[in-house]
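In what follows, a single structure is set out as structure tokens and then discussed.
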Amino acid sequence: MPTVRLGFSPAPAHVRTARLVAVAVARRAGVPEELLDEVRLAVGEACSRAVALHQLYHRKELVDVEMTDGPRFTVRVHDRGPAESRADALPDPVELVAHSEDIVTAEPFPAATVAVGMGLALLTGLVDDLEVTPSPDGTGTSVRMSWPIA
Amino acid sequence: MPTVRLGFSPAPAHVRTARLVAVAVARRAGVPEELLDEVRLAVGEACSRAVALHQLYHRKELVDVEMTDGPRFTVRVHDRGPAESRADALPDPVELVAHSEDIVTAEPFPAATVAVGMGLALLTGLVDDLEVTPSPDGTGTSVRMSWPIA
Amino acid sequence: MELSLQTGTVAGRTVLRVTGEIDVYTAPELRQRLLALIERGDGDGAPPPVRHLVIDLSKVEFLDSTGLGVLVGGLKRLRALGGTLVLVCAQARILKIFQITGLDGIFTIVPTEEAAVAAEPAAEDSTGDQSAPPATDR
Amino acid sequence: MELSLQTGTVAGRTVLRVTGEIDVYTAPELRQRLLALIERGDGDGAPPPVRHLVIDLSKVEFLDSTGLGVLVGGLKRLRALGGTLVLVCAQARILKIFQITGLDGIFTIVPTEEAAVAAEPAAEDSTGDQSAPPATDR
Ligand SMILES: Nc1ncnc2c1ncn2[C@@H]1O[C@H](COP(=O)(O)OP(=O)(O)O)[C@@H](O)[C@H]1O
Ligand SMILES: Nc1ncnc2c1ncn2[C@@H]1O[C@H](COP(=O)(O)OP(=O)(O)O)[C@@H](O)[C@H]1O
């Protein structure tokens, strides 16, 4: 059973809340101080990705974040995006840049697919223990990350 | 559907996380700045009460907090304590003090029943719109509180 | 902010100065400290147990019912031993918590440490913290 | 911390100084500002559109992939218009994000605003922000 579980409607403002909670829980769980920046960024990326997918596919469900203590501090972020959004082939950010839309498009932030790809690339480079899998219940994907506890 | 939902294992450390989240979400929802202290204290009390009840009755389930936006900002805290813990007769803190155990008892904090009663008394005095009811599913109680949005 | 506890003296009286949040998470630490002050063994050069205590809440940022419970426990214990407890607090948002619960009728609450000594003269302070110098340390 | 955006000049070049967190929540604001600088109408005394831009990230506390996306959008737009974009950043934890994504190979990143001007001399700066005084404002 997770120690802390956070669900939030898929809006960018709540991603900050998720980051704040993840860092507070990680610190209390005993994750070393020097890894907390990584936890903040990684959990933020996984949540931004989930928000972007929910917005892209018009899913109103809450994005679900589970944090579990020891032996490692483990965070799982579940989205309800379709299975195609699985990271079968990890995107190359430089490639994504080449294909990204222009800054003048009217969208509130860069095309969601590009953001999702860029976020995954960043996550992959950042977190040693990272796994992106289809959700157990067949809807959406799960990003699982873990960090050592001192 | 709530905007943000937080579940946490019944440990005092997580009550701080719940307070932090409630204030962040309330602020973004538009609750006036001068009410945020009240939100912080009230959500903390409701969560401390739930933690105390879970510890008293050895319930391992997560304490569940739901926050919903407008027309008022509404917070619901669900515990799994038995129905007797309902606030049928609201306790009087001064009475509770008279019956509270001595500081020398070895417990980590004052007898849970006293803490629960004191917390409810504080909540009642603090929050204008407060309701304590049996949970819809028959297990435990729900504390519902709401505040205006500017 | 976590809890931080410092002991000092004001006019020979022991003062426990509390900084930070007194909540369900930190209240046990405050409780432990109160117990240590009130129950500590007398003799072998150790300071005698405190009977007339001032708790300075001026730098408390948050106080919940669990914290109130610990303060009440301390008050009852001291009274049972013939002692006194005075709280120092001038912050409206903390005072409000005592008012809402009616505990402002049970505690002696004053705005400054100096006023605390005047509030409870404790003429019979023979069991007081005599290891402390008579002058204030601030 | 929310995002705060200030425009200034360094050696006649327009600098956008960013303070706070560039994330999925605040990136739209940065995007809007970049658009306004690059696309603003020329004439009626309005400053001409910026073609050679410096973005100073020295006071950025947090940057995520959404923020990177906006910066990339700005770079592409400026290049398409024959302009340049230089980023100022000396913070290891922000630089790391460019390195991890390989975007440090796409952006010109220098440690100070002064170095930014040297990095992209922009001799052909005829479309530059000429309303700005040639001296720096700091
Ligand atoms: N990264 C974050 N994640 C979640 N909540 C945050 C974060 N940063 C700040 N907050 C919360 O948002 C609220 C406002 O933050 P603040 O930095 O003061 O900016 P502002 O007041 O402009 O919204 C605070 O209550 C704080 O707890
Ligand atoms: N009231 C609170 N609720 C939830 N988390 C909190 C609260 N206060 C602080 N935190 C979190 O706990 C962490 C540590 O808080 P801090 O005040 O620095 O004390 P410490 O470092 O001693 O634990 C921070 O990451 C902060 O986000």
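Chains as they are written, first to last, in the numbering used here: chain L, 1 to 150; chain H, 151 to 300; chain Y, 301 to 438; chain V, 439 to 576. Positions of the beta carbon are idealized from the N, C-alpha and C atoms, including for glycine.
Hey, how far is the Cα of H:P160 from the Cα of H:L203? Reading the second sequence from its first residue, position 10 is the one you call residue 160 of chain H. Reading the second sequence from its first residue, position 53 is the one you call residue 203 of chain H. Each residue's alpha carbon lies about 9 Å from the other.
V:A449 by DSSP, collapsed to three states: which one? The count along the fourth sequence starts at 1 and reaches residue 449 of chain V at position 11. In the structure shown, the three-state DSSP call for V:A449 is coil.
Is the separation between the beta-carbon of L:P2 and that of L:T68 shorter than 8 Å? Numbered from its first residue, the first sequence carries residue 2 of chain L at position 2. Numbered from its first residue, the first sequence carries residue 68 of chain L at position 68. Yes. Within cutoff.
Let me see if you follow: with CB-CB separation under 8 Å, is H:L206 close to chain Y or not? Numbered from 1 along the second sequence, position 56 holds the residue referred to as residue 206 of chain H. H:L206 does not count as touching chain Y.
What number of angstroms, rounded off, separates the C-alpha of Y:L357 from the C-alpha of H:D278? Residue 357 of chain Y sits at position 57 when you count from the first residue of the third sequence. Residue 278 of chain H sits at position 128 when you count from the first residue of the second sequence. Rounded to the nearest angstrom, the two C-alpha atoms are 27 Å apart.
With distances taken from CA atoms, which of V:R451, V:A518, V:V510 is nearest V:V555? Locating residue 555 of chain V in the fourth sequence gives position 117, where the first residue counts as 1. Nearest Cα to V:V555 within the set V:R451, V:A518, V:V510: V:R451.
With which residues is H:D214 paired in a DSSP beta bridge? Taking the first residue of the second sequence as position 1, residue 214 of chain H is located at position 64. H:G157, H:H228, per the DSSP bridge assignment.
Drop a sphere of 10 angstroms on the beta-carbon of L:P12, count the other beta-carbons inside from all chains shown, and report buried for 16 or more, exposed for fewer. Translated into positions along the first sequence, residue 12 of chain L becomes position 12. L:P12 is buried by the Cβ-count criterion.
Could you tell me whether the Cβ atoms of V:L473 and V:L523 are closer together than 8 Å? Counting from one through the fourth sequence, the residue named residue 473 of chain V turns up at place 35. Counting from one through the fourth sequence, the residue named residue 523 of chain V turns up at place 85. Not a contact, by the Cβ cut-off of 8 Å.
With a cut-off of 8 Å, does the C-beta of L:L62 fall near any C-beta of chain H? Counting from 1 along the first sequence, the entry for residue 62 of chain L is found at position 62. At least one chain H Cβ lies under 8 Å of L:L62.
Let's see if you can read the secondary structure: which residues bound the beta strand (DSSP E) around H:R294? Position 144 of the second sequence, counted from the start, is the residue given in the question as residue 294 of chain H. Segment 291-298, the beta strand (DSSP E) holding H:R294.
Please tell me whether H:A271 and Y:T412 are closer than 8 Å, where the distance is taken between their beta carbons. Within the second sequence, the letter at position 121 stands for residue 271 of chain H. Within the third sequence, the letter at position 112 stands for residue 412 of chain Y. No, these two residues do not count as a Cβ contact at 8 Å.
Can the beta-carbon of Y:D323 be found less than 8 Å from the beta-carbon of H:R177? Mapped onto the third sequence, residue 323 of chain Y falls at position 23. Mapped onto the second sequence, residue 177 of chain H falls at position 27. Result no, Cβ atoms of Y:D323 and H:R177 do not sit closer than 8 Å.
Just to confirm the assignment, what range does the alpha helix (DSSP H) spanning Y:F398 have? Within the third sequence, numbered from 1, the residue matching residue 398 of chain Y stands at position 98. Looking at the DSSP string, the run of the alpha helix (DSSP H) that includes Y:F398 is 392-401.
Relative to the C-alpha of Y:D364, which residue among H:D229, H:C197, H:A174, H:G220 is closest? Along the third sequence, one-based indexing puts residue 364 of chain Y at 64. Checking every option, the nearest Cα to that of Y:D364 belongs to H:C197.
Using the Cα positions of H:P232 and H:T274, report the straight-line distance between them to the nearest angstrom. Residue 232 of chain H sits at position 82 when you count from the first residue of the second sequence. Residue 274 of chain H sits at position 124 when you count from the first residue of the second sequence. Cα to Cα, H:P232 sits roughly 20 Å from H:T274.
Beta-carbon spacing of V:I544, V:C527 below 8 Å: Counting from 1 along the fourth sequence, the entry for residue 544 of chain V is found at position 106. Counting from 1 along the fourth sequence, the entry for residue 527 of chain V is found at position 89. The answer is no: Cβ separation not under 8 Å.
Does Y:S358 get closer than 8 Å to chain H when you measure Cβ to Cβ? By one-based count along the third sequence, residue 358 of chain Y stands at place 58. Taking 8 Å as the CB threshold, Y:S358 stays off the interface with chain H.
Drop a sphere of 10 angstroms on the beta-carbon of H:R155, count the other beta-carbons inside from all chains shown, and report buried for 16 or more, exposed for fewer. Sequence index remark: in the second sequence, residue 155 of chain H carries index 5 (1-based). With 16 or more other Cβ atoms within 10 Å, it is buried.
Just the Cα atoms here: how many angstroms apart are L:P136 and L:V65? Locating residue 136 of chain L in the first sequence gives position 136, where the first residue counts as 1. Locating residue 65 of chain L in the first sequence gives position 65, where the first residue counts as 1. If you take the alpha carbons of L:P136 and L:V65, they lie about 15 Å apart.
According to the neighbour-count rule (16 or more other Cβ atoms, all chains shown, within 10 Å of its Cβ), is L:H78 buried or exposed? As a position in the first sequence, residue 78 of chain L is number 78, starting the count at 1. By the 10 Å Cβ count, L:H78 comes out buried.
In chain order, what residues of the stretch 8-20 of chain L put their CB closer than 9 Å to some CB of chain V? Result list: A11, P12, A13, H14, V15, R16, R19.
With a threshold of 6 Å on Cβ separation, who are the neighbours of H:V293 within its own chain once the five nearest residues in sequence on each side are excluded? Here the question's residue 293 of chain H lines up with position 143 in the second sequence. Excluding five sequence positions before and after H:V293, the CB atoms of its chain that fall closer than 6 Å to its own CB belong to A196, V227, V282, given in chain order.
Name the chain Y residues that come within less than 7 Å of H:V293, Cβ to Cβ? The residue you call residue 293 of chain H lines up with position 143 of the second sequence. For H:V293, there are no neighbours in chain Y by C-beta distance under 7 Å, as the nearest C-beta there is about 13 Å away.
Assuming L:R80 and L:G140 are in contact, meaning their beta carbons sit under 8 Å apart, how far apart are those beta carbons, in whole angstroms? What you label residue 80 of chain L is simply residue 80 of the first sequence in a count that begins at 1. What you label residue 140 of chain L is simply residue 140 of the first sequence in a count that begins at 1. Beta-carbon to beta-carbon, L:R80 and L:G140 are separated by about 4 Å, close enough to satisfy the 8 Å threshold.
Can you tell me where the alpha helix (DSSP H) holding L:E33 begins and where it ends? The residue you call residue 33 of chain L lines up with position 33 of the first sequence. L:E33 -> no alpha helix (DSSP H), and no H or E assigned at all.
Taking the alpha-carbon positions, what's the V:R455 to L:L126 distance? In the fourth sequence, residue 455 of chain V corresponds to position 17, counting from 1. In the first sequence, residue 126 of chain L corresponds to position 126, counting from 1. Here the alpha carbon of V:R455 sits roughly 27 Å from the alpha carbon of L:L126.
Straight-line Cα distance separating V:A484 from V:T504: Taking the fourth sequence and counting its residues from 1, the one referred to as residue 504 of chain V is at position 66. Taking the fourth sequence and counting its residues from 1, the one referred to as residue 484 of chain V is at position 46. Spanning the two alpha carbons is a distance of roughly 30 Å.
Which of the three DSSP states, helix, strand or coil, is assigned to Y:R331? Taking the first residue of the third sequence as position 1, residue 331 of chain Y is located at position 31. Three-state DSSP puts Y:R331 in a helix.
How is H:V302 classed by DSSP in three states: helix, strand or coil? For chain H, the structure presents residues 151 to 300; residue 302 of chain H sits outside this window and is missing.
Starting from Y:L385 and walking both ways along the alpha helix (DSSP H), at which residues does that stretch end? Sequence index remark: in the third sequence, residue 385 of chain Y carries index 85 (1-based). In this chain, Y:L385 is not harboured by any alpha helix (DSSP H); it is covered by the beta strand (DSSP E) spanning 384-388.
Please state the DSSP three-state secondary structure of L:A87. Taking the first sequence and counting its residues from 1, one reaches residue 87 of chain L at position 87. With a pLDDT of only 47 at L:A87, under 50, the local geometry of the prediction cannot be trusted, and the value read off the model is given with reservation. Residue state, collapsed to three classes: coil.
Based on Cα-Cα distance, which residue from H:A200, H:G267, H:E184 lies nearest to H:I299? Here the question's residue 299 of chain H lines up with position 149 in the second sequence. The option with the nearest alpha carbon to H:I299 is H:E184.
Rounded to whole angstroms, what is the Cα-Cα separation between H:A200 and H:V213? Position 50 of the second sequence, counted from the start, is the residue given in the question as residue 200 of chain H. Position 63 of the second sequence, counted from the start, is the residue given in the question as residue 213 of chain H. Each residue's Cα considered, the two are about 7 Å apart.
Opposite V:D494 in the DSSP bridges: which residues? For the purposes of this step, residue 494 of chain V is taken as the residue at position 56 of the fourth sequence. Paired residue(s): V:R455, V:V526.
Within 8 Å of any Cβ in chain Y, is that where the Cβ of H:S285 sits? Counted from its first residue, the second sequence places residue 285 of chain H at position 135. Output row for H:S285: interface = no.
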